[in-house]
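Novice: Input: one structure, supplied below.
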Amino acid sequence: MASPSSSTTTFCFQCEDSSNSVTFRNGWRLRSGKFAQLCHRCACGRVVTPLFQKSLSASDADLALSRLVIPKKCAEAYFPPLSGPHKIPINILDTDGKEWNFHFRFWPNSRSKMYVLEGLRDYMVSKKWQAGDVDAIASVYASP
DNA sequence: CCCTCGCATGGTA
DNA sequence: ATACCATGCGAGG
15 MASPSSSTTT FCFQCEDSSN SVTFRNGWRL RSGKFAQLCH RCACGRVVTP LFQKSLSASD
75 ADLALSRLVI PKKCAEAYFP PLSGPHKIPI NILDTDGKEW NFHFRFWPNS RSKMYVLEGL
135 RDYMVSKKWQ AGDVDAIASV YASP
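The opening residue of the first sequence carries number 15 in this note's numbering; numbering runs sequentially from there.
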């Protein structure tokens, strides 16, 4: 998992209002055994907790695939609802507060769905993803 | 060919 | 049993 940064810009999941650059005390806080971080986008004062983290499978770490399987419960709880099996653009924050643009979709599965983030190539290279690593998605919000 | 896409399958919890 | 998800695998480009 990425190490906490002390000079990041972070947005919380609910804050859609743009570029109100309010300076909070910077830095990470430990809460419920997981890293959390103050929202820096607006004055809401919310604490952003990583939405999920997972141990990367060999497939998750495969550069040729460059996509990440999202645990279903997390996908349905925190990601935008999907009206069909089409990918939608989505922004996510990594645990350093850096923003990335991916695509979110599901695959129809036998009587269910599998959720994936696609287009992770640059991210995977940047994070040096390896199978067995644990990485976390800090926040996610739909593109405007 | 070889790669990507879109699911299907099957191991595992 | 039943659901989830890691990966297999065929079709299409």
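Glycine is no exception: its CB is placed at the ideal position from the N, C-alpha and C atoms.
Following the continuous alpha helix (DSSP H) through residue 126, name the residue where it begins and the one where it ends.
Specialist: Run containing residue 126: none in the alpha helix (DSSP H); it sits in the beta strand (DSSP E), 126-132.
Novice: Determine the direct distance from the alpha carbon of residue 104 to that of residue 60, and round the result to whole angstroms.
Specialist: In this prediction, residue 60 scores a pLDDT of 49, lower than 50, which makes its location untrustworthy; no coordinate-derived value is stated.
Novice: With distances taken between CB atoms, is the gap from residue 118 to residue 134 smaller than 8 angstroms?
Specialist: Not in contact: residue 118 and residue 134 (Cβ atoms no closer than 8 angstroms).
Novice: DSSP state of residue 56, grouped into three classes?
Specialist: Annotation note: pLDDT 47 at residue 56 (below 50); position unreliable, coordinate value reported separately. Residue state, collapsed to three classes: coil.
Novice: Tell whether a beta-carbon distance below 8 angstroms holds between residue 99 and residue 120.
Specialist: In contact: residue 99 and residue 120 (Cβ atoms closer than 8 angstroms).
Novice: So which of 72, 66, 127 and 79 has the shortest CA-CA distance to residue 145?
Specialist: Measuring from the Cα of residue 145, the nearest candidate turns out to be 72.
Novice: Going by DSSP in three states, residue 87 sits in which element: helix, strand or coil?
Specialist: Residue state, collapsed to three classes: helix.
Novice: Just verifying my parser: in three-state terms, what is the DSSP assignment at residue 69?
Specialist: Residue 69 falls in the strand class under three-state DSSP.
Novice: Can you name the residues that DSSP bridges to residue 100?
Specialist: Residue 100 pairs with nothing; no bridge assigned.
Novice: Kindly indicate the opening and closing residues of the beta strand (DSSP E) around residue 122.
Specialist: It spans 113-123 - the beta strand (DSSP E) in which residue 122 sits, taken as one unbroken run.
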